[in-house]
Every structure is written in structure tokens, then in C-alpha cells.
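Each residue of the sequence shown is one higher than the last, beginning at 4 in the working numbering.
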Amino acid sequence: MKRRGYLYKGVSLKSGYTRIVGPENSELRLLEFGRLILPEKGDEFRRETGSRETVLTIFKGLCTVEVKSLTSREATYTKIGGRTDVFSGKPFMLYIPSEVSYRIVAESPGLDVGISTAPSKVKWPPVLVRPENVEVRNLGAWNWKRTVYISIGENVKADMLLVGETINPPGNWSSSPPHKHDTRSGVEVPYEEIYFFRVKPSQGFGLQRIYTHPEDPDPINEVYVVEDGDTVAIPRGYHPVVAAPGYQLYYLWILAGKERRYGAWSDDPKHKWLGDCEAIIHEILSS
Numbered sequence: 004m005k006r007r008g009y010l011y012k013g014v015s016l017k018s019g020y021t022r023i024v025g026p027e028n029s030e031l032r033l034l035e036f037g038r039l040i041l042p043e044k045g046d047e048f049r050r051e052t053g054s055r056e057t058v059l060t061i062f063k064g065l066c067t068v069e070v071k072s073l074t075s076r077e078a079t080y081t082k083i084g085g086r087t088d089v090f091s092g093k094p095f096m097l098y099i100p101s102e103v104s105y106r107i108v109a110e111s112p113g114l115d116v117g118i119s120t121a122p123s124k125v126k127w128p129p130v131l132v133r134p135e136n137v138e139v140r141n142l143g144a145w146n147w148k149r150t151v152y153i154s155i156g157e158n159v160k161a162d163m164l165l166v167g168e169t170i171n172p173p174g175n176w177s178s179s180p181p182h183k184h185d186t187r188s189g190v191e192v193p194y195e196e197i198y199f200f201r202v203k204p205s206q207g208f209g210l211q212r213i214y215t216h217p218e219d220p221d222p223i224n225e226v227y228v229v230e231d232g233d234t235v236a237i238p239r240g241y242h243p244v245v246a247a248p249g250y251q252l253y254y255l256w257i258l259a260g261k262e263r264r265y266g267a268w269s270d271d272p273k274h275k276w277l278g279d280c281e282a283i284i285h286e287i288l289s290s
């Protein structure tokens, strides 16, 4: 795996769990993200959550998940998932609390699962969010229109994690107007974030910019070429994304903070007008 600034590329996936980014190799203090690959039907993975809560995102394939705790009854989720890839429908996501153990059994070959974790001091029950329960938002207008799936939001009791997916049509922007969530001001509250990207067709690419105000004490102004399977850590700053023409761009987004409110961010004042004119654009395009 190669790291360039906040970008993690060329991850060599093996059978089992591969940690991609976390506090040990980034500026992140809370979040960790990795991928679980179980190549054959019947392959298993076991883990104890310890002091961290977990969200499983089934990227591809079917699996059964058993969650066990010393203080509560066992929960079993049978044959969840089923997507052929992340572009083929809304996800199954499973929230797993701290201080439990879980076991994942592949029910189909080539199981691919994202595992997102953050510290947790409160133990809530596990929750499976099925595709039919995912909140769908069609955000933006014109060439910054995109589809957002909110799976682990305020609908799920958790300590820190908010998790969902975004799909950009070819050539379109997302996280636009550019927004940030790194301080407490007005509606904005501090969150760390991770983006994990897939591209269709897979030879495509997108661009990710991360920047702060030029007068920030420790300014950032980075642009990365993101390709299929890349991951970006976003400890702070504005972070818009664009898909190359001809290629759909997907990213899993993982937020962690002490206040769990989707949308608790602030737009870059220079580009806020984009959001202000969306209603007018929708009216023109629908007439």
C-alpha cells in the first residue's frame, strides 16, 4: 500500500481482514477502516469489538453474521447482502456495539465487506439496516447532482458512527457545495471522515480535493487522483469530489464524532451560492 498525504492506494488485499487506515497510519484519532475478503463459500472471520463500535457494509456477496454478548442473547442475521457490486443497489449495513464478539460466514464466493470502527462508551443493541430501510436523498442540481444512501444515521442508536454511500453520475461533483465539519460553529460540529472509492468501469478515476482556508494555522490544499479501491482520510477541511466523464464514482463515507447529526457541516462561503440556486435550477429543468 502506498500513502500520499491523505490518500491510500495500491492496497494488497489478502484473504481475511486488511486494515487500510486508522490512527496508527494517519491523522485520524477515532476512525479505522478496512476490508474483509472471504474468497470461498463457508470461509469465516471472527472478531471481538472491544471498546469500539463497528459497522459492516456488505459490498459484494452474501453472508451470515452472528453477534454474541455475555449480557444479552445471541443475534443472528442470515444471508444478508446480495449485491454483485456497489453500483447494483442499496446496501445492507449492520451496526455492532462495543464489548461483543461477532462471526461472519461467507454464503457465496468472493465476499467483500467494509469494516468501519470508532471508540464507544455506550453499548447499544445490534441493528441491521436493510436496503428497504435506507434513506435515499437525491442531492444537488445539474452537474453536482448525486444520490446519497444514509444507512447508519439517526435511525440507529450508536455512539459515534454515521455511515452511508454516495454515487456520482459520470462527470458529476459531490460534497458540493464544498463543506467541512472540523469545528464547533453554528450548525457545524467536528467529525472525522473516511471515503472509500469504487469506479465503474474500473479503469476510470475521479478527483478528490481537500483544502482549508488559506489563513488556517496549518493550511491544506491537496488534490488526489482517486481510482478503484482507493481510500482517503479526511481529518479536517473542505472535501469535494468529482467523477471523470464516462465513469460512475461510488464512495462509502464514514463519519465519527461526539454528536451524531447528519448534515452538521458548513459550506465554503465562496461556493455557498451553488446550494442557494439549486431550487431555481430544478424549476428551470422541470419546466
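We put the beta carbon where it would ideally sit given N, CA and C, even for glycine. Please read all numbers here as calculations on a predicted model, not as lab measurements.
Residue i versus residue j - alpha carbon distance
i	j	result
Gly53	Glu102	5 angstroms
Val192	Thr186	6 angstroms
Gly84	Leu277	36 angstroms
Pro122	Leu65	27 angstroms
Ile223	Leu39	32 angstroms
Asp162	Tyr194	13 angstroms
Val130	Val159	7 angstroms
Pro217	Asp115	40 angstroms
Phe200	Pro134	20 angstroms
Glu69	Asp46	14 angstroms
Arg32	Asp219	20 angstroms
Per DSSP, the bridge partner or partners of residue i
i	result
Gly117	Arg38 and Thr60
Pro128	Pro128 pairs with nothing; no bridge assigned.
Gly84	Leu65
Trp176	Val245
Ser104	Glu51 and Lys71
Asp270	His182
Tyr194	Answer is none; Tyr194 lacks a bridge partner.
Gln211	Tyr227 and Val244
Pro142	Note that residue 142 is Leu in the sequence shown here, rather than Pro. Note: Leu142 sits in a beta bridge opposite Arg149.
Gly19	Ile40
Sub-8 angstroms separation of residue i and residue j beta-carbons
i	j	result
Ile61	Arg86	yes
Gly153	Glu196	Checking the displayed sequence, the identity of residue 153 turns out to be Ile instead of Gly. It is not a contact, given that the beta carbons lie outside the stated cut-off.
Gly240	Ile213	yes
Gln1	Val235	The chain is shown only over 4 to 290; residue 1 falls outside these bounds and no answer can be derived.
Thr120	Glu35	yes
Ser269	Ser177	no
For residue i, the nearest candidate out of the options (CA to CA)
i	options	result
Lys148	Tyr265, Trp127, Val14 and Ser179	Ser179
Gln206	Phe95, Asn171, Pro26 and Val229	Val229
Arg140	Asp115, Leu10 and Thr169	Thr169
Element boundaries [beta strand (DSSP E), containing residue i]
i	result
Ala259	Gln251 to Ala259
Gly278	That residue, Gly278, is in no beta strand (DSSP E); its alpha helix (DSSP H) goes Trp276 to Asp279.
Ile155	Arg149 to Ile155
Ile99	Met96 to Ile99
Leu165	Leu164 to Asn171
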